[in-house]
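First to last, the sequence lines map onto chains A and B. Numbering of the first sequence is given in UniProt numbering, commencing with residue 1 and proceeding in unit increments. Numbering of the second sequence is given in UniProt numbering, commencing with residue 1 and proceeding in unit increments.
Number of protein chains: 2
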Amino acid sequence: MSSAEEIAKASKSAFEASQLIDPTERVKALQIIHDALAAKKDEIFEANRKDVEAAKALVDAGKLSVSLVKRLDLTSGDKFDSMLAGIMDVASLPDPTGQITYASELDEGLELYRMTCPIGSLLVIFESRPEVVVNITALAVKSGNSAILKGGKESLLTADVLSKCIREALSKTSLHPDYIQTVQTREEITSLLDQDKYIDLVIPRGSNALVRSIQSASKIPVMGHADGICSVYVDETADLEKAKRIVVESKTDYPSACNAAEILILHQAVLDTVWPALATSLIEADVHLRCDEKTLGILSTLQYAHDRQTTHIHAADPQKDFDTEHLSNIISVTSVPSLSSAIQFINGHSSHHTDVIVTESELAASTFVRGVDSAGTFWNASSRFADGFRYGFGTEVGISTGRVHARGPVGLEGLVIYKYVLRSKKPQGSIIGEFGTGPGKKKYKHQPIAASKLPF
Amino acid sequence: MSSAEEIAKASKSAFEASQLIDPTERVKALQIIHDALAAKKDEIFEANRKDVEAAKALVDAGKLSVSLVKRLDLTSGDKFDSMLAGIMDVASLPDPTGQITYASELDEGLELYRMTCPIGSLLVIFESRPEVVVNITALAVKSGNSAILKGGKESLLTADVLSKCIREALSKTSLHPDYIQTVQTREEITSLLDQDKYIDLVIPRGSNALVRSIQSASKIPVMGHADGICSVYVDETADLEKAKRIVVESKTDYPSACNAAEILILHQAVLDTVWPALATSLIEADVHLRCDEKTLGILSTLQYAHDRQTTHIHAADPQKDFDTEHLSNIISVTSVPSLSSAIQFINGHSSHHTDVIVTESELAASTFVRGVDSAGTFWNASSRFADGFRYGFGTEVGISTGRVHARGPVGLEGLVIYKYVLRSKKPQGSIIGEFGTGPGKKKYKHQPIAASKLPF
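Below is the structure:
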């Protein structure tokens, strides 16, 4: 087994070598990987069945959740075919590298270009979902980044077959086989987090605790995602039907998703109007309400025909419920005296993922989307829209709740950075000594140039 | 004195409150700060003279360098006036916030906008140059970020008067006085580095060691700058005159700058042609050459008239000289058999700051600028062009050698991120349940929208 330093160094070398390869070669490599995986379907399924069996035994022993087994199983439905189709989807996306995003003529014959380029070597840590090995491979190859992958331990055998297959396929491409490497143990990750000389970005997909522990342990930048504590604020001019549709879907469509709503905030003006009907809709959708004093008070004075009334309405714990990602059919409910209190409440409690206002007032919406400091601020739309596919990015690396580099759903664009290319066409070359304020000195022109590709 | 948590929390609150203020108010605030500082010139100079006197005493005692005193002195030349002019220069730059960088119609009446916005609360640590307090204040106010500043301890009294003056000025603006705060001790910084709940980005300006220690100590993202080990590669088709001009300026114009050249790489084909004359030019410019065996060999077989010959030509230490930022009139010299060896050598030794090729071959230049993995890759131009002002950014926060968020010279653009704003104009609001593959389900349109500002 290679040491962490050897793995990291090999990853960086594979990355550097790939910089001189035409991007079309990366697309060809994806096709070769696709075909290799398709040809090894039986072998992959065999390994996956063993992983699933072992996991089932742990479920029976009460050591693992049933949902994990479901995520682990690659043989069910069209999961395998979707995984393969995903490779070609990513291959057909526009090349995120080599794009000119700024170009300026500093002087006649002296041109500056800002060109997008890959970040370098990525370390990606993810859950026990074997298809993620293939997804991340496709994203890394397409964006020109090399990658070291570590999946959950329950998917070990499947991941092992997949990575061997990918490695073999890579050896038939212009990329080095070390372009995509896989490690298997948590100990290897710990050592890899020290390799800031070679690894440029860590992408942990998983719990908040995982992300934070990696941020503490490493000097390498981390693109991670904290909790998804999303809110829906129902403003004083909210339309009842919109509020119902948006709040119910935001909470119930997929309660364990990070873009599900965890908090409902009501303007006090709608407590007597919208709230009782909205509460009924939520209860009918099997949502448990954790209400603060005021919102609870309103419900208790009303007559509900619904038999879930007593089982689904509870008092909120103010110390906990407004800072918790429930990840289930529970929503915390509070009220505020004004729009600005709502914004302040959200900025104080939200995880800055996605927050929604339901309002008929353009001014209120305008204030909300600017004042709420979150990656997504939505007007009259479900929080569940916060997703790379729905945004139109074609694919998603993850959702970042960080404030630098990339925020919100991250597509291929989040896997590139840029470099500045300066070209002098002057007969003498260019030095800064030609510019300045003294006699015979020139001034910088700084004239924008229209360019989408580097002209040489 | 406030605790680190109180300072950080106040900074974040000031930031959040500022989100609802029109950007023109931030420009007005800069004018007010400018005028307040101009009015307090005498008081500022008095404090600065005390700092300078104390520093001079330390210089006499051999505990401080003379250059530090020079940087500390705010009363010399037009330094104070330049500092004030700088505020208004920043004020007049285009607003980096509120710009739409991506807009897409997901469905008729359902519009997604990606809008630039400030990052949040910044912690900026810098050297004993009091004018930096004012520079960073201007950048923070203009970009909409709140900031906590810590300058070098030698500038304490000056920084104190400047910050009191800025605080008083802020109290006359729409921004909260806590928008810009100053801390004075290293202990406060240590505690602030734990406040990842409130502080969003640390910008350390200073040594590589400072940057690395902060990266180790904090979960907060760091935008820093490592060494500047820049190279100039003289290719086989290089023009001698271009090579002389570019290499001499890259090395001698400002040897302690991070964009000065530290390594000279010669294609072996130019060892007998370009190298002797280039070496003469460097020696005449008082540059000390640390040559590897081959480049040294060539020089020793030639006759030099120059009397500096014996004092300025040395053998390089291969273990050290090609990984050292000399920061003085020393350049390490080596040769390579090919362009691709040059690229490999640079990727292995450079600090990925700025690297230059001197060549008459477009193909070689094209290969070099793509293959060298640095923030700046230059063709026939001095490495000294790597600078925010010369690039045309109007101002510079620093030069980032990181690979995420911002790379190379960082202007105001490096102090913003973005948020996604989703707006539904549908009579029923929008939920994801309307979209999908089943009967009656809609497909996402993902049609680009032309927009430079949010339409509401």
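We put the CB at the ideal spot given by N, CA and C, even for glycine.
request  = Could you tell me if the beta carbon of V27(A) falls within a distance shorter than 7 Å of some heavy atom in the ligand SAH?
outcome  = As presented, the structure is devoid of all ligands, the ligand SAH included, so that no description of it is given.
**Prompt:** When you compare each of A260(A), R245(A) and T252(A) to V274(A) by their alpha carbons, which one comes out closest?
**Reply:** For the set A260(A), R245(A) and T252(A), the Cα lying nearest the Cα of V274(A) is the one of R245(A).
In the DSSP assignment, find the beta strand (DSSP E) that holds I263(A) and state where it starts and stops. A261 to H267
Any chain A beta carbon closer than 8 Å to V404(B): yes
task: Can you grab the Cα-Cα spacing for the pair K197(B) / G120(B), in whole Å?
output: 11 Å
- request: Pull up the DSSP beta-bridge partners for S146(B), would you.
  value: S146(B) has S121(B) as its beta-bridge partners, per DSSP.
Among the residues of its own chain, which have a CB less than 7 Å from the CB of F385(B), if the five just before and after it don't count?
F378
- Tell me whether the beta-carbon of Q19(B) lies closer than 8 Å to the beta-carbon of D373(A). yes
Practice prompt. Could you tell me if G77(B) is buried or exposed, where buried requires 16 or more neighbouring beta carbons within 10 angstroms of its beta carbon?
Written response: G77(B) should be labelled exposed.
- Starting from V183(A) and walking both ways along the beta strand (DSSP E), at which residues does that stretch end? Run containing V183(A): none; DSSP gives neither H nor E here.
Going by the CB atoms, is the gap between T359(B) and T237(B) shorter than 8 Å? yes
### Selection of the stretch 407 to 421 of chain B by Cβ proximity to chain A, strictly under 7 Å
Listed in chain order, the positions of the stretch 407 to 421 of chain B with a beta carbon within less than 7 Å of a beta carbon of chain A are R407, G408, I417, Y418, K419, Y420 and V421.
| said: Could you check whether the Cβ of A205(A) sits closer than 8 Å to any Cβ belonging to chain B? | reply: The residue asked about is misnamed: residue 205(A) is Arg in this sequence, not Ala. False, the Cβ-Cβ gap to chain B never drops below 8 Å.
Close-in-space but distant-in-sequence residues of the same chain around P276(B) (CB under 6 Å, 5 per side omitted): Short of 6 Å from the beta carbon of P276(B), and not among the five residues preceding or following it, lie these beta carbons of its own chain, in chain order: L302.
Requested in this report: Verify whether the separation of the beta carbon atoms of A140(B) and S146(B) is less than 8 Å.
Outcome: yes
*With a cut-off of 8 Å, does the C-beta of D373(A) fall near any C-beta of chain B?*
Yes, because at least one Cβ of chain B sits closer than 8 Å to the Cβ of D373(A).
| said: Short of 9 Å Cβ to Cβ, which residues in the stretch 325 to 337 of chain A face chain B? | reply: none
Q | DSSP state of E325(B) mapped onto helix, strand, coil | A | coil
If G429(A) and N329(B) are in contact, beta carbons under 8 Å, what's the gap, nearest whole angstrom?
Rounded, the Cβ-Cβ distance is 21 Å, inconsistent with contact.
In this structure, does DSSP put V287(A) in helix, strand or coil?
-> coil
Rounded to the nearest angstrom, what separates H34(A) and H288(B) at their Cα positions? 55 Å
_Cβ closer than 9 Å: which chain D residues qualify as neighbours of R423(B)?_
Of the protein chains in this structure, namely A and B, none is chain D.
_If I measure Cβ to Cβ from E5(A) and keep anything under 7 Å in the same chain, skipping five residues before and after, which residues do I get?_
In chain order, Q195 place their CB closer than 7 Å to the CB of E5(A), counting only its own chain and leaving out the 5 sequence neighbours on each side.
Spatially closest choice to T295(A) from R308(A), Q309(A), T310(A) and A316(A), by CA coordinates:
A316(A)
Discussion item. Quick check: the Cα distance between K251(A) and A406(A), rounded to an integer number of angstroms?
Written reply: Cα to Cα, the separation comes out at about 26 Å.
Open item on the list: Under 8 Å, Cβ to Cβ, is there at least one residue of chain B near D321(A)?
Closed with: no
So, with DSSP's three-state summary, where would you put M115(A)? Reduced to three states, the DSSP call for M115(A) is strand.
Within a Cβ cutoff of 6 Å, which residues of the same chain sit near E105(A), ignoring the five residues on either side of it in sequence?
E111, K445, Q447 and I449
CA-to-CA distance, T310(B) to Y440(A), given in whole angstroms: In the sequence on display, residue 440(A) carries Gly and not Tyr. If I take the Cα positions, the gap works out to 36 Å.
**Prompt:** Measuring CA to CA, which of G348(A), I399(A) and V248(A) is closest to I432(B)?
**Reply:** V248(A)
Judging by CA-CA distance, which residue of E53(A), I199(A), D81(A) and T190(A) is the nearest neighbour of L156(A)? E53(A)
- Query: Is the number of C-beta pairs between the stretch 10 to 29 of chain A and the stretch 125 to 137 of chain A that are closer than 8 Å three or more?
  - Reply: Contact between the stretch 10 to 29 of chain A and the stretch 125 to 137 of chain A is absent, with fewer than three C-beta pairs closer than 8 Å.
**Prompt:** How long is the line joining the alpha carbons of S400(B) and A451(A), rounded to whole angstroms?
**Reply:** S400(B) and A451(A) have their alpha carbons spaced roughly 24 Å apart.
ask   = Per DSSP, V234(B) forms a beta bridge with which residues?
value = Looking at the DSSP assignment, V234(B) forms a beta bridge with L266(B) and V358(B).
Using a Cβ cut-off of 7 Å, pull out every chain A residue sitting near Q99(B), in sequence order please.
Per Cβ cutoff of 7 Å: no residues; Q99(B) is ~13 Å from chain A at best.
Check your understanding: Going along the stretch 209 to 221 of chain A in order, which residues come within less than 7 Å of chain B, judged by CB to CB distance?
Key -> Residues passing the 7 Å Cβ filter: R212, Q215, S216, K219 and P221.
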